[in-house]
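Worksheet: one structure, shown below.
Residue numbers (the working numbering), protein chains in the order written: chain A, 201 to 553; chain B, 201 to 553.
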């Protein structure tokens, strides 16, 4: 029986308490300052309000002020804060984590330097840690196609636990594996982080075709826009693989769960797809951001902003070519420059020829 | 202005008359013996009954008996008969085609010898031709994510024209390209045919998760089975790439339009997905084939039967390993042995470990 402390009481971190507790482990769920109401709700009724489900016995909810107590003597630390809060999480975890603990993260995303150099989020968290402590713990992450609520209601889910240390990965996989939560392990940590971060870019694109249908008043017609979505998906996967090569992941990691599998699930719906749908309808993205979806966490948009923004300096430095990543570049124009929907098909797949 | 003769008046061949005629070309659409009512309908009212649309001016419909007249002096021959009729088509085309004509096929699939050796469909058609004539024409095919009706109503569609002869591909692409029909060309003929044939296998699998939801009475629940579908899609793409390597296509062809793009669109719906949905609900496939979907053309099921059936002799001959293609093997058990739904997750992605 293991003791697991979780920082962040979002839906993904909370969903993962289901397989853990069903395997007999105890989870100490610590909310951030933004999760105050969630923690109160779990403490009062056991219900996570956003997930709309009662958590299992074996989950204890803590407000942020009790974090130190919650992290006392745990075996595993789960980093459950989303990409917007990764610096905050690094700061807090650097004080809560002790030597020997195994850290596993559910956060997906990247950060960029001004010259376009991209960094994976575990690196950002590590940067807040004492260098000695960085080496005294192990670092892992959960990636792959996984809608949180589906895990919580025991729907079959296949994921990859990735990290530098195979022994930790085997230990962690063993804590989580159930008859519905299927876990593969891989030490291509970088490749898996790249896949998880870049696939979010293309979730936004997955909404554009549906938006266009709505704009045309055709959303209930016999013929929809699957051809459109499939071409966008195919170009998305082509670019995901290019990112894998550019940033040093194993190219095969673009296949299967961490690449196309995760991109598939992300394209099926959710907030980023919804944001893309508005743009497809003809609404400038600034209006979506500031009005229609004000305050909604859009990790896909953040991914476009960070990674798409890095493409310009990377091109200027000659690291990539002008014609590389046409979809990501165009999505960047949509979200940063309010570009209207006008898909640059002819630039896709190496150029129409 | 080119003259194009089409053998087979199915929805895909007919949909492709839209870009052709809008570019000013003339199309002579010849029905097979199964298309008699379709041809009569087009002759009487211009409407293709299955597509539920009126064809453009510039399309002339012919019954099979008038095929010779229709093929007289054309520049391009389109092979529009589906995989079930490919021998029939080979026989007929061998008499109708004349030296200098450019043949382009929309048929997807493979055939297998008893020892598991797989053949692409253009090879099957060629086998009916005089060897001299084989060399006096050019051979090409259209692949990529393309739902016929969407092409017909001018929804953006990105496809690949593939064949051995780049000059023919350029000529053909030029005949078809419009502002909604986007055409890439590739001389990886084999790879593109492999992608087009094998992706059909996984369309059937794309229905299983939805069927399971229905069986559980959860199809209107908040949490569906996208994780399930995404893992199946990821494994499907992994196997598609393995087929590409096994059969000699360029591995990159598994990306983009001809691989994941086409698999994406095929997974979104259609007859093969529907057949899989029934199996997911718990109905043995023999009942689906002989009762619920009796008489419905299921190219995905045929692909599973042919390609899945070839895996056993290929394994016995040591060409592939027992653990290769676990999803395709399992789908073969479903359709040939009425296996119940019990997804072999632990065999996917090289084995859960």
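Beta carbons are placed, not taken as given, at the ideal position from N, Cα and C, and that holds for glycine.
Within the segment 401-467 of chain B, no run of beta strand (DSSP E) at least 3 residues long lies entirely inside it. Assignment of beta-bridge partners to residue 363(B) by DSSP yields 340(B). Membership of residue 288(A) in the alpha helix (DSSP H) is indicated by the continuous run 286-296. When 513(A), 403(A) and 525(A) are compared, the shortest CA-CA separation from residue 313(A) is found for 513(A). Within the segment 398-414 of chain A, no residue has its Cβ closer than 7 Å to any Cβ of chain B. Taking the C-beta atoms as reference points, residue 259(B) is found nearer than 7 Å to residue 227(B). Nearest CB-CB separation between residue 204(B) and chain A: not below the 7 Å threshold. Contact check for residue 381(A) against residue 357(A) passes: the beta carbons are separated by less than 7 Å. Taking a Cβ-Cβ threshold of 8 Å, the residues of chain A close to residue 346(B) are 427, in chain order. Contact check for residue 264(A) against residue 231(A) passes: the beta carbons are separated by less than 7 Å. Per DSSP, the beta-bridge partners of residue 384(B) are 360(B). Neighbours of residue 438(A) in chain B, taken as residues whose beta carbon is under 8 Å from its own, are 455 and 456 in chain order.
Of 221(B), 389(B) and 484(B), the smallest CA-CA separation from residue 444(B) is found for 389(B). From the beta-carbon of residue 461(B), the residues of chain A found nearer than 7 Å are 430, 431, 433 and 434. Assignment of residue 260(A) by DSSP, reduced to helix, strand and coil, places it in the strand class.
Taking 7 Å as the cut-off, the beta carbon of residue 420(B) is found no closer than this to the beta carbon of residue 499(B).
Neighbourhood of residue 337(A) in chain B, by CB distance below 7 Å: empty, with the nearest CB roughly 24 Å away. Of all residues in the segment 361-382 of chain B, those with a C-beta nearer than 7 Å to a C-beta of chain A are 382, reading in chain order. A straight line joining the alpha-carbon of residue 216(A) with that of residue 354(A) spans about 10 Å. Comparing alpha carbon positions, the residue from 359(A), 214(A), 266(A) and 483(A) closest to residue 453(A) is 359(A). DSSP places residue 226(A) in the uninterrupted beta strand (DSSP E) bounded by 226-230. Here the alpha carbon of residue 437(B) sits roughly 25 Å from the alpha carbon of residue 369(A). As summarised for the segment 510-537 of chain B, the continuous alpha helix (DSSP H) elements at least 4 residues long and confined to that stretch are 526-537, given in chain order. Under a criterion of Cβ atoms nearer than 8 Å, the residues of chain A adjacent to residue 423(B) are, in order, 347, 349, 350, 352, 353 and 355. Contact between residue 476(A) and residue 411(A) holds, since their C-beta atoms are separated by about 7 Å, short of 8 Å. Identification of chain B residues near residue 528(A) by a Cβ-Cβ cut-off of 9 Å yields none; the smallest Cβ-Cβ distance measures about 15 Å.
Shown here for residue 281(B): same chain residues with a beta carbon closer than 7 Å to its own, the five before and five after excluded, namely 207, 208, 232, 288, 289 and 307 in chain order. Shortest Cα-Cα distance from residue 523(B) to any of 414(B), 442(B) and 542(B) involves 442(B). Across the segment 306-338 of chain B, no CB contact with chain A closer than 7 Å is found for any residue.
In this structure the segment 527-541 of chain B touches the segment 480-495 of chain B; the number of beta carbon pairs closer than 8 Å is three or more. Burial is judged here by how many other beta carbons sit within 10 angstroms of a residue's own beta carbon; residue 366(B) has fewer than 16 and is exposed. Take the alpha-carbon of residue 510(B) and the one of residue 279(B): they are about 26 Å apart. Look at residue 279(A) here: in three-state DSSP terms it is strand. Contact note: residue 441(B) reaches chain A through 455, using a C-beta cutoff of 8 Å and chain order. In this structure, residue 310(B) sits away from residue 337(B), with a CB-CB distance that is not shorter than 7 Å. The beta carbons of residue 341(B) and residue 305(B) sit closer together than 7 Å.
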